[in-house]
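A.B. asks:
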Amino acid sequence: MWHELKSQNDIDAFMKSVASFHDACITGLSYTSGTYVNDDNAMVMVTEPYIYITFHSQMANFPKFEMELGLVDKFSINLHLDNSLEIYEATFKKKDDGFYWYSDEDANGNSNYWFRCQTIRWRELPLLESE
97 MWHELKSQND
107 IDAFMKSVAS
117 FHDACITGLS
127 YTSGTYVNDD
137 NAMVMVTEPY
147 IYITFHSQMA
157 NFPKFEMELG
167 LVDKFSINLH
177 LDNSLEIYEA
187 TFKKKDDGFY
197 WYSDEDANGN
207 SNYWFRCQTI
217 RWRELPLLES
227 E
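For the sequence shown, position 66 (counting from the first letter as 1) is numbered 162 according to my numbering, and the numbering increases by one without interruption.
Put into structure tokens, the structure is as follows:
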């Protein structure tokens with residue numbers, strides 16, 4: 097079941113349930129732009145970008161969950177491959193121009209991962225034994 101985040105209070109409750117992403121990691125993500133080529137081979141321009149991110153967590157109330165980022169206009173991956181990729185503490189805020197999430201407490205463009213989107217929701221996923 098999807099849970100929509102609409103306010104900073106919603107975000108704060110979510111962050112508590114995922115222990116502020118402490119000891120979490122991104123295990124996968126997918127992107128869809130909304131734009132496609134139809135049966136007539138014409139480009140259909142639908143600017144509705146969505147990103148789905150799957151997380152695993154040692155500290156959250158549930159070990160695996162997914163976030164759906166709607167109308168994403170900023171998404172950045174800045175990996176430092178000489179460091180590990182786990183998240184120690186994320187920053188997640190609702191501002192006038194969207195939802196901002198950073199994979200660290202510094203909350204700047206140098207974070208390993210960060211995004212801005214207009215809608216956001218999350219859901220718990222089953223953790224398979226092979227994961």
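Ideal Cβ positions, reconstructed from N, Cα and C, are used throughout, including at glycine.
Look at the alpha carbon of residue 243 and the alpha carbon of residue 214, and state the distance between them as a whole number of angstroms.
C.D. replies: The requested residue 243 does not occur in the structure, where the chain is confined to residues 97 to 227.
A.B. asks: Would you kindly check if the distance between the Cβ of residue 152 and the Cβ of residue 121 is under 7 Å?
C.D. replies: Yes. Within cutoff.
A.B. asks: Below 6 Å CB to CB, which residues in the same chain sit around residue 220 once its five sequence neighbours on both sides are set aside?
C.D. replies: 158, 161, listed in sequence order.
A.B. asks: For residue 189, name the three-state secondary structure that DSSP assigns.
C.D. replies: Note: residue 189 maps to strand in three-state DSSP.
A.B. asks: Please list, in chain order, all residues of the same chain as residue 115 whose beta carbon is under 6 Å from its beta carbon, the five residues on each side excluded.
C.D. replies: So the qualifying residues of the chain are 155, 156.
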